[in-house]
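A short worksheet on the structure shown next.
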Amino acid sequence: MTPGKELLFLALGGSGEIGMNVNLYGCDGKWVMVDLGMTFADPAYPGVELILPDLSFIEERREDLLGIVLTHGHEDHIGAIPYLAGDLGVPLYATPFTAGLIAGKLEEEGLTDEIELNTIEMEGGFSLGPFDFTYVPLAHSIPEGNALLIETPYGRVFHTGDWKLDDSPQLGDPSTAAELSAIGDKGVLALVCDSTNVFNESPSGSELGVREGLDEVIQGADCRVLVTTFASNAARLKTLGHVARDTGRKVCVAGRSLDRILRVAKSVGYLTDFPETIDFDEAMKLPRREVMIIATGGQGEARAALARIAFDQHPLKLDPGDLVVFSSKQIPGNEIAIGRIQNELAARGIEMITDRQAPVHVSGHPGRPELAAMYEWIRPQIIVPVHGEMRHMTEQARFARARGIPHGIVQKNGDLVRLAPNGPEKLSEERVGRLILDGDVILPADGDTINQRRRLSYAGLISVAVPLDPAGRLSGEIVIDPQGIPVEEDRAAFLEEATDAATAAAGKPATSEEKLREEVRLAVRRCATDWTGKKPVVSVMIVRTRP
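In full-length UniProt numbering, the protein residues as written are 1 to 547.
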């Protein structure tokens, strides 16, 4: 598909899901990409941490791709860059803080000289073929949250990225209502808009309110305090710096990602007033009342600082009566992992406060009042909901139509949509999908490797070694090794019966080695099914012996 005299939109990620945002715009034979994010794996992908978007559609058209434009620095918008951008062979464009985060990723992967990274000043603009881009600052939970005003021969698009409204932002200077209204005054064809909090009847709230809530909670704590939050939430880090001063505490930071965010933020002029931090040893020597630890791991990540502290595997220690404040939202799907840590903390007599008990967190995404305000300012002809599950995007389309936006389209990953002329109209369904980062290897998320691993994790593995002489006759005892098979109490009896079944199968005449292997495999699996009710993976290896 090559764009003609038209404006096209195609999501390769982030529509129908929250995370892994990748959006394409097509016009006059060319494409541009907005964001290139990833998401974290769930238990459906055993042994895998990162999920990446399948970019086959645009990889097949890379000669028509002009560049990748990044809205902000969250992982679900930039996290796939080190793994996928090199194959696309196009330049990247980002504002200074986001560019700093990307530069660090490229350096870690040895890609600094291979991928062109262009830094665009806040509120700056640039052109790529038929597209003119202008960064429009909006409040979010990370420095330099931006919308993109995209001007084309067929109309203007306002692509919000992630955003919220905040009357008292702690970082940055978001666009005012007057500035956004001025954009709307010049006419906007389509508003491509964040749908995450569309069901929230209240605004997301101000970061200033979080400071007041944390001040109250921590001021009253006569103990060591640990606050966990998203590492990328630099606005929250600034708030916590103020809270530490307000409550007379020294700050200790635990987590490499927090260190990285602090370093990059300071390098481009943010968080320059953040308190001087103390190391782990000093933090443990100070009176408990004088310490505030900021740690990663609020989503239950097993290797993050909070989990290691909770299970007493970290130089920083918590004692009974100490306080852990979860200054972050619990992401759906992480309940079990978070609960594991909270249960361990509770068992050790450590107190906890979440946003359910006190105002210690606000979201970085817009609730319904904020969405309504944006509609009034921008006044688009078309609403295109993104950044949400299908229920979120469907509700935003309905809400926008009720607020007077004439047209809307609920699209999902892979839906190729014409925005103009005569849009919106769905034209086709293109290939999309997921890739997994398995160690250092990128593989299809639905490929043989992950499917085999799922089977292994569900039913276990039995390895069978069959010794044959040069004539193809059994020449010794068959060895069977079960892994993950529920026969603990009767292992010896099971092995005896399985060995007998395998020996009987191997003693039958077989037309080929492959046929013999299959007969043994089926015999051992039938035995395992009789014993356990499960059908494990059975791997049979033929071992040739000398006469």
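The C-beta atom is built at its ideal place from N, Cα and C for all residues, glycine as well.
Model, not experiment: these values are computed from the prediction.
Straight-line gap, Thr247 to Ala445 (C-alpha atoms, nearest Å): 48 angstroms
What are the residues that DSSP puts in a beta bridge with Cys223? In the DSSP output, where bridge partners are listed per residue, Cys223 has none listed.
Which whole-angstrom value is the C-beta distance of Thr532 and Val487, which I expect to be below 8 angstroms? That pair is a contact at about 7 angstroms.
Integer Cβ distance of Thr228 from Leu306, believed to fall under 8 angstroms: 5 angstroms
Residue(s) in a DSSP beta bridge with Ile341: DSSP, once it has assigned bridges, lists no residue as partnering Ile341.
Suppose you measure from the CA of Val432 to the CA of Pro82; what does that come to, to the nearest Å? 20 angstroms
Give me the DSSP bridge partner(s) of Arg434. Pro53
How would you call Gln219, buried or exposed, if buried means at least 16 neighbouring beta carbons within 10 angstroms? exposed
At the level of alpha carbons, what is the spacing between Tyr45 and Met38? 14 angstroms
With DSSP as the reference, label Leu371 as helix, strand or coil. helix
Touch check for the stretch 93-110 and the stretch 136-156: three-plus C-beta pairs under 8 angstroms? Flag = yes, the stretch 93-110 and the stretch 136-156 touch.
Could you give the first and the last residue of the continuous alpha helix (DSSP H) run that contains Asn451? 448-459
Helix, strand or coil for Ala504, going by three-state DSSP, please let me know. helix
Return the Cβ separation of Leu92 and Leu117 in integer angstroms, given the expectation that the two are a contact with Cβ distance under 8 angstroms. About 5 angstroms separates the beta carbons of Leu92 and Leu117, which is inside the 8 angstroms limit, making them a contact pair.
Taking just the CA atoms, how far does Gly414 sit from Leu10? 6 angstroms
Is the distance from the Cβ of Gly255 to the Cβ of Ala295 below 8 angstroms? yes
Ala178 - containing alpha helix (DSSP H), residue span: 177-185
Out of Val136, Leu24, Ala178, which one is the CA nearest neighbour of Phe158? Taking only the C-alpha atoms, the option nearest Phe158 is Val136.
Buried or exposed, going by whether 16 or more other CB atoms sit within 10 Å of the CB of Thr239? buried
Segment limits, beta strand (DSSP E) that includes Pro380: Pro380 -> beta strand (DSSP E) spans 380-386.
Would Pro53 and Gly86 qualify as a contact pair, given that the criterion is a beta-carbon distance under 8 angstroms? no
So within the stretch 113-186, which uninterrupted alpha helix (DSSP H) runs reach at least 4 residues, ignoring any that extend past its ends? 177-185
Neighbourhood of Glu301 by C-beta distance below 8 angstroms, restricted to the same chain and skipping five residues each side: Ala307, Ala337
Please say whether Leu371 and Leu8 have beta carbons closer to each other than 8 angstroms? no
Hey, would you say Lys250 sits closer than 8 angstroms to Val198, going by beta carbons? no
Let me know if Asp322 comes out buried or exposed under the rule of 16 or more other beta-carbons within 10 Å of its beta-carbon. buried
Can you name the start and end residues of the alpha helix (DSSP H) that Met390 belongs to? 390-402
Comparing alpha-carbon positions, which option in Ala221, Thr176, Pro169, Leu165 lies nearest Ser202? Considering only alpha carbons, the answer is Leu165.
Report buried or exposed for Gln411, applying the criterion of at least 16 other Cβ atoms within 10 angstroms of its Cβ. buried
Flag this pair as yes or no: are the beta carbons of Phe131 and Tyr25 separated by less than 8 angstroms? yes
What does the Cβ neighbour count give for Asn422, buried or exposed, with the cut at 16 atoms within 10 Å? exposed
What are the boundary residues of the beta strand (DSSP E) that Met33 is part of? Residues 30-34.
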